[in-house]
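> For the sequence shown, the working numbering begins at 1 and goes up steadily by one. Note that CB positions come from ideal geometry on N, CA and C, so glycine has one too. Pasting in a structure now, in C-alpha cells, and then I'll have a few things to ask.
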Amino acid sequence: MKFFTGIVIHGEKRGKEFGFPTANIQLDQSDTTIEPGVYATELILDNEKHQGMLYVGTRPTLNLSQKSIEIHIFNFNRNIYGIQIQFFVFKKIRGDQRFNSIEELIAQIEKDQAAIKAFFATNS
Numbered sequence: 001m002k003f004f005t006g007i008v009i010h011g012e013k014r015g016k017e018f019g020f021p022t023a024n025i026q027l028d029q030s031d032t033t034i035e036p037g038v039y040a041t042e043l044i045l046d047n048e049k050h051q052g053m054l055y056v057g058t059r060p061t062l063n064l065s066q067k068s069i070e071i072h073i074f075n076f077n078r079n080i081y082g083i084q085i086q087f088f089v090f091k092k093i094r095g096d097q098r099f100n101s102i103e104e105l106i107a108q109i110e111k112d113q114a115a116i117k118a119f120f121a122t123n124s
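Encoded structure:
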C-alpha cells in the first residue's frame, strides 16, 4: 500500500460528463511512480475517510497523451478545488487501456466501481 498527498486541481470535467466526476490531483511528491491503471483508493479529506476509484494514465480512449491522476470519490458531491488530500493506493483493478467507444469506457468504469466496492466490502 502506498501513500500520497496532493492538491485538487481543475481538470477537463470529462469524468463528470460520463457520470463519474473526478478530483484531478497534482501530487506533492516528485516521485509519481504509480503505474497506469485503475485502483481501489481511500482518501482523507478534512479528517474524514472516503473510498474511491483512482485512475492513473493518459486517457487513451479520449486520444490524450498527458498523464492524469484522478479520483472518483464514492457518494461525494462537494467542491474541493485547491484542497490538499491524502490518499492510499490499495488494489490495482486493471491496467490503462483504450476502448473502442465512450460507451465501452463507461461500461468498464461501472465494472471497475463495482469491483472496488466489493473489495472494500471485504477488506474494511
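When the distance is taken between beta carbons, is T41 closer than 8 Å to M53?
Taking 8 Å as the Cβ cut-off, M53 and T41 qualify as a contacting pair.
> Quick check: S8 and I102, are their CB atoms within less than 8 Å of each other?
With the sequence shown as reference, residue 8 is identified as Val, and Ser is not the correct amino acid for it. No.
> Going residue by residue through the stretch 39-116, where are the continuous beta strand (DSSP E) segments of at least 3 residues, counting only ones entirely within it?
DSSP runs (the beta strand (DSSP E)) wholly in the stretch 39-116: 48-57, 68-73, 84-94.
> In terms of alpha-carbon separation, which member of Y81, I34, I116 lies closest to K67?
Selected option, being the one with the closest Cα: I34.
> Classify T5 as helix, strand or coil using the three-state DSSP reduction.
Note: T5 maps to strand in three-state DSSP.
> At what residues does the beta strand (DSSP E) containing I25 begin and finish?
Residues 23-27.
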